[in-house]
Structure formats: C-alpha cells, structure tokens
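Structure first, then comments.
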Amino acid sequence: MAASSQHPVPAQATAPAGGPAGDSTGGPRLRAALDGIPAYAPGRPAGEGPVSYKLSSNENPYPPLPGVLESALAAARSFNRYPDMACSGLLSALAEHFRVPVSHLAVGTGSVGVAQQVVQSTAGPGDEVIFAWRSFEAYPIITQVSGAAAVRVPLTAGEEHDLAAMAAAVTARTRLIFVCNPNNPTGVAIRRAELEEFLDRVPSDVLVVLDEAYREFVRDADVPDGLDLYRERPNVCVLRTFSKAYGLAGLRVGFAVAHEPVAAALRKTAVPFGVSQIAQDAAVASLGAGAALRERVDALVAERARVTAGLAEQGWTVPDSQANFVWLRLGEEAAAFAAACERAGVTVRPFAGEGVRITVGEPAANDVLLRTAGAFRTGR
Ligand SMILES: *Cc1c(COP(=O)(O)O)cnc(C)c1O
Numbered sequence: 004m005a006a007s008s009q010h011p012v013p014a015q016a017t018a019p020a021g022g023p024a025g026d027s028t029g030g031p032r033l034r035a036a037l038d039g040i041p042a043y044a045p046g047r048p049a050g051e052g053p054v055s056y057k058l059s060s061n062e063n064p065y066p067p068l069p070g071v072l073e074s075a076l077a078a079a080r081s082f083n084r085y086p087d088m089a090c091s092g093l094l095s096a097l098a099e100h101f102r103v104p105v106s107h108l109a110v111g112t113g114s115v116g117v118a119q120q121v122v123q124s125t126a127g128p129g130d131e132v133i134f135a136w137r138s139f140e141a142y143p144i145i146t147q148v149s150g151a152a153a154v155r156v157p158l159t160a161g162e163e164h165d166l167a168a169m170a171a172a173v174t175a176r177t178r179l180i181f182v183c184n185p186n187n188p189t190g191v192a193i194r195r196a197e198l199e200e201f202l203d204r205v206p207s208d209v210l211v212v213l214d215e216a217y218r219e220f221v222r223d224a225d226v227p228d229g230l231d232l233y234r235e236r237p238n239v240c241v242l243r244t245f246s247k248a249y250g251l252a253g254l255r256v257g258f259a260v261a262h263e264p265v266a267a268a269l270r271k272t273a274v275p276f277g278v279s280q281i282a283q284d285a286a287v288a289s290l291g292a293g294a295a296l297r298e299r300v301d302a303l304v305a306e307r308a309r310v311t312a313g314l315a316e317q318g319w320t321v322p323d324s325q326a327n328f329v330w331l332r333l334g335e336e337a338a339a340f341a342a343a344c345e346r347a348g349v350t351v352r353p354f355a356g357e358g359v360r361i362t363v364g365e366p367a368a369n370d371v372l373l374r375t376a377g378a379f380r381t382g383r
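This is the structure:
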C-alpha cells in the first residue's frame with residue numbers, strides 16, 4: 004500500500020473547519036457531546052486484610068447456580084468460534100420462561116448494554132431523556148454519549164421517584180424516560196397504582212423503560228411486575244439482567260422485553276456478537292435452575308431484613324429496600340462511614356455528600372457491616 008500513502012491528502016483533513024469539538028492542536032476531532040461525561044465509578048474491590056468482603060457492587064455472594072459452570076465450561080471449548088449472533092437458544096428459553104413472544108425480546112451485554120441500545124434507538128442531539136436522581140449512574144453517561152440532554156428529577160424526601168414531577172417534566176423533546184424499580188441506590192420501589200397513573204400520563208410516543216435489575220428481590224406484593232404492565236402498553240420496555248439474582252455479573256448478559264418495533268430497534272442497535280456463547284449458555288442454564296435460585300434469593304432477602312432491622316435498632320433511618328442492598332443517607336459523613344467499613348474489612352459504595360449503598364452479602368459480611376455501623380454511630 005505504499006502508493007496510497009503518496010495520495011494527496013484532502014484539504015479538509017489538514018484544515019479542520021473548527022466545529023464545536025475542533026481542537027487547535029490538530030488531534031482527531033472528538034464529539035463535543037463527550038465533554039464532561041462523568042466516569043462510571045465501579046465498586047471498590049474487597050481489601051486484602053484477614054477480613055475482606057465486597058459489598059460495593061450489588062453482586063451476588065454465591066457461586067454459580069447448579070449446572071451453570073458446566074454449561075459455561077462446555078461453551079468455552081468453542082471460543083475460537085463467534086457466538087450465535089441471534090442468541091436463538093437464549094431467546095427461546097427467555098420466551099418460554101417469561102411467556103413472551105421471541106419478537107418482543109432483545110439481549111445485550113448486561114442490561115447496561117441494553118439500556119444503551121434503548122438510548123441509541125430513541126434519542127439523539129436535541130432530544131431529552133428523563134430519569135430520577137439519584138438513580139443508576141449509567142443513565143447520565145449513556146444519555147450524554149448519545150448527544151441527548153439528561154433531565155434529572157430529584158427523588159422525594161422519602162427516597163422515592165417523584166413520578167408527578169417526572170410526568171410534568173415531559174416536553175415535546177422527550178423521547179425516553181428511565182424508571183428504576185426498585186431504585187438503585189436507594190432500594191425503594193414504586194407501587195402499582197402510582198406507576199400506572201404515571202404511565203397513563205406519559206404520551207404514547209415517549210418510551211418508558213422499567214429497569215427491573217432487582218426484580219427477583221421484590222417481596223412487596225404491591226410492587227408491580229413490569230412484564231404485566233408492558234403487555235397492554237406499546238410504549239413500555241422492561242429491562243432485566245442475569246447480573247444480580249442469577250449471579251452472572253462477570254458474564255455480561257441482560258435483556259429487554261418490549262413490543263415491536265421497539266424490540267426490533269434494540270436488536271438493530273446491539274453490538275454484533277456482543278454476548279458471548281459462554282454468557283448465552285450460562286444464562287440458559289441459570290433459567291433452568293429455578294429452585295436453587297429461589298433458595299438463594301430468599302436467603303438474601305432474609306439477610307436484607309436482618310440488616311435493615313439491625314441498623315434500625317442502632318438508630319439509623321433505613322428506607323424500605325426491595326433490592327439486594329440498603330441505603331443510608333449519611334450526607335457529609337458518607338466518605339467517613341465508607342472508610343470505617345473498609346478498615347473493618349468490608350467495602351461499600353459511598354456517594355460523596357449523599358449517602359452509602361451497602362450490598363446485602365453473605366451473613367458473615369453482614370455481621371461485620373452491622374458491627375461497624377453500630378460503632379460508627381456511637382463513636383461520632
Ligand atoms: C446492576 C444494574 C443493572 C444491570 O447491570 P448489568 O449491565 O446487567 O450488569 C441495570 N440497572 C440497574 C439499576 C442496576 O443496578
């Protein structure tokens with residue numbers, strides 16, 4: 004290709020017109036929409052002391068469900084091959100498990116990947132995306148990457164979505180609304196009547212995503228299953244993941260349930276071959292391990308009750324969590340609390356100046372957390 008290097012360079016390549024992201028140093032021009040995007044802050048890993056538990060990323064503390072490791076290892080034998088791009092085995096297993104048509108499903112690299120597909124399918128420069136704040140930290144990142152404007156609607160004093168304010172924030176530019184139920188990081192869930200009233204108010208040409216990453220941990224019977232709500236509403240899309248209850252966070256597989264043509268758009272915007280065969284096969288095996296899944300989730304829900312009650316006894320205000328974590332609104336003490344936990348051997352997830360999200364882990368980890376929280380309260 005020596006000849007091509009001698010081709011005259013087109014004039015515009017050496018003399019950029021100077022767009023919004025124009026760079027006078029002459030480096031590649033990057034989209035101005037990327038300026039100031041907050042970096043995703045992953046939960047800190049467990050420390051290296053004698054006691055070390057990671058309660059900072061809402062992961063499942065248990066090993067893979069029965070049969071899952073075997074499926075994943077079998078799939079690993081073929082990792083010289085591309086995965087099934089259509090994810091046909093996983094789609095048909097999901098369709099059967101959740102009783103939805105295959106045409107209503109789309110998968111992605113975790114439900115964060117699917118959420119990004121949703122944004123790419125609905126919003127771009129000049130459009131608006133509404134979500135509660137504080138909520139899942141991926142929402143502002145994927146919104147800003149698309150070039151759309153993020154509209155953050157503050158949570159209520161009770162750590163709940165302010166659905167009235169979110170409905171009132173809809174404008175002619177709104178294309179998408181994320182509703183995180185239960186909400187990460189506060190754990191509080193929205194009940195059926197409120198959510199239905201909200202959905203009735205949202206214009207039918209605005210897509211509402213019900214992000215149900217923690218659905219399996221919900222025990223309040225008044226909290227609706229998004230899959231019941233989506234059936235009658237073509238502008239509702241439900242996101243689920245294998246990362247939390249199913250314990251496959253490291254494999255990156257999640258999915259959406261939505262009517263056509265939304266589901267078709269999500270398939271179009273997926274990264275080709277994004278979900279590995281190992282992830283696809285592990286997800287199918289996980290769906291088949293229902294009894295073991297229920298047992299583990301029940302154990303975590305019981306621990307959630309124990310942690311919540313223990314903290315409340317110490318005098319903390321703990322919002323009612325329907326997820327696998329609890330939230331303490333520590334304000335300016337958030338960082339100090341997280342540091343105290345780390346010294347004691349548990350890493351939690353602080354949001355500076357706001358609060359701390361604590362994943363419910365194995366009982367021994369929760370014991371350390373409770374002891375540390377008690378000492379922090381009496382010591383301050
Ligand atoms: C953890 C989480 C997800 C799922 O993440 P994956 O990409 O599936 O691992 C999605 N939404 C919320 C609110 C979460 O907390």
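Per the numbering used here, the very first residue in the sequence shown carries number 4; after that it's consecutive.
Each residue gets a CB set at the ideal place from its N, CA and C atoms; glycine is no exception.
As the structure is a prediction and not an experimental result, all values here were calculated from the model.
If we count the other Cβ atoms within 10 Å of its Cβ and call it buried at 16 or more, is Glu131 buried or exposed?
Buried, by the Cβ-count rule.
By DSSP's criteria, Cys183 is part of a beta bridge. Which residues make up the other side?
In the DSSP output, where bridge partners are listed per residue, Cys183 has Asp214.
Taking Glu263 as the reference, give the member of Arg236, Pro128 and Ser59 with the closest Cα.
Selected option, being the one with the closest Cα: Arg236.
Can you tell me whether DSSP reads Ile145 as helix, strand or coil?
Helix, per DSSP.
Pull up the distance between the alpha-carbon of Ala295 and that of Glu73, whole angstroms please.
Going from the Cα of Ala295 to the Cα of Glu73 covers about 16 Å.
With H, G and I counted as helix, E and B as strand and the rest as coil, what does DSSP make of Gly253?
Reduced to three states, the DSSP call for Gly253 is helix.
For the beta strand (DSSP E) that Cys240 lies in, which residues bound it at each end?
Where Cys240 is concerned, the enclosing beta strand (DSSP E) stretches over Val239 to Thr244.
Measuring straight from C-alpha to C-alpha, what distance separates Leu331 and Arg137?
When rounded, the distance between both Cα atoms is 13 Å.
Between Thr362, Phe245 and Ile145, which lies nearest to Ser324 when the distance is taken from Cα to Cα?
Cα-wise, what sits closest to Ser324 is Thr362.
Let me make sure I understand the geometry here. Which of Gly358, Ala339 and Phe354 has the alpha-carbon closest to that of Ala378?
Measuring from the Cα of Ala378, the nearest candidate turns out to be Ala339.
Distance check for Pro366 and Leu254, CA to CA, integer angstroms please.
Approximately 25 Å, taken between the alpha carbons.
DSSP puts Pro353 in a beta bridge; with which residues?
In DSSP, Pro353 forms a bridge with Val359.
Would you kindly work out how many angstroms separate the C-alpha atoms of Gly358 and Val221, rounded to a whole number?
C-alpha separation (whole angstroms): 22 Å.
Are three or more beta carbon pairs between the stretch 238 to 249 and the stretch 107 to 126 nearer than 8 Å?
Yes: the two stretches touch, three or more of their Cβ pairs being nearer than 8 Å.
Ligand 3 and Val110: does the residue's C-beta get closer than 7 Å to at least one heavy atom of that ligand?
In the structure on display, ligand 3 does not appear, and the ligands it does have are ligand 1.
For ligand 1, I want to know if Lys247 counts as a neighbour, meaning its beta carbon is within less than 7 Å of at least one of the ligand's heavy atoms.
Correct: Lys247 has its Cβ closer than 7 Å to ligand 1.
To which residues of the same chain is Gly2 closer than 7 Å at the C-beta, ignoring the five residues directly before and after it?
Any answer about residue 2 is impossible in this case: the structure gives the chain only from 4 up to 383.
DSSP has Phe134 in a bridge; who is on the other side?
For Phe134, which the question treats as bridged, DSSP gives the partners Arg155 and Phe181.
What residue range does the beta strand (DSSP E) around Val110 cover?
Counting along the chain, the beta strand (DSSP E) containing Val110 begins and ends at Leu108 to Gly111.
Considering Cα atoms alone, identify which of Ala175, Gly250 and His107 is closest to Pro69.
Selected option, being the one with the closest Cα: Gly250.
Rounded to a whole number of angstroms, what is the C-alpha to C-alpha distance between Leu314 and Asp370?
Computed Cα separation, rounded: 11 Å.
Does Phe82 pass the burial test, meaning 16 or more other C-beta atoms within 10 Å, or should it be called exposed?
Answer is exposed; the Cβ neighbour count stays below 16.
Which runs of the alpha helix (DSSP H) at least 4 residues long sit entirely within the stretch 247 to 316? Give them in chain order.
265 to 271, 280 to 290 and 293 to 316, all fully within the stretch 247 to 316.
If we call anything under 8 Å between Cβ atoms a contact, is Ala196 one with Pro185?
Contact flag unset, no.
To which residues of the same chain is Arg374 closer than 8 Å at the C-beta, ignoring the five residues directly before and after it?
Result list for Arg374: Ala347, in chain order.
Can you tell me which of the three DSSP states Tyr56 falls into?
Of the three classes helix, strand and coil, the one that applies to Tyr56 here is strand, per DSSP.
Please find out if some non-hydrogen atom of ligand 1 comes closer than 7 Å to the beta-carbon of Gly116.
The answer is yes for Gly116.
Run the CB neighbour count on Met88, radius 10 Å, all protein chains shown included, and call it buried at 16 or more, exposed below.
Result: exposed.
Can you tell me whether Pro353 is buried or exposed? The criterion is at least 16 other CB atoms within 10 Å of its CB, across all chains shown.
Label assigned to Pro353: buried.
How big is the Cα-Cα spacing for Asp214 and Ala135?
C-alpha separation (whole angstroms): 12 Å.
Round the Cβ separation of Ala326 and Asn187 to the nearest angstrom and send it over; I've been treating them as touching at under 8 Å.
Between Asn187 and Ala326 the Cβ distance is about 7 Å, and since that is below 8 Å, they are a contact.
With distance defined between alpha-carbon atoms, name the residue in Glu336, Gly356, Leu37 and Arg299 nearest to Pro66.
Taking only the C-alpha atoms, the option nearest Pro66 is Arg299.
Start and end of the alpha helix (DSSP H) containing Leu93?
That run of the alpha helix (DSSP H) goes Ser91 to Phe101.
Determine, using beta-carbon pairs with one atom in the stretch 306 to 313 and one in the stretch 96 to 113, whether at least three such pairs fall under 8 Å.
Counting Cβ pairs under 8 Å, fewer than three are found: no touch.
Using a Cβ-Cβ cutoff of less than 7 Å, which residues in the same chain neighbour Gln119 once the five nearest sequence positions on both sides are dropped?
For Gln119, where only same-chain residues beyond five positions count, the Cβ hits under 7 Å are Ile145.
Among the residues of its own chain, which have a CB less than 7 Å from the CB of Pro143, if the five just before and after it don't count?
Taken in chain order, the residues that qualify are Pro41 and Ala153.
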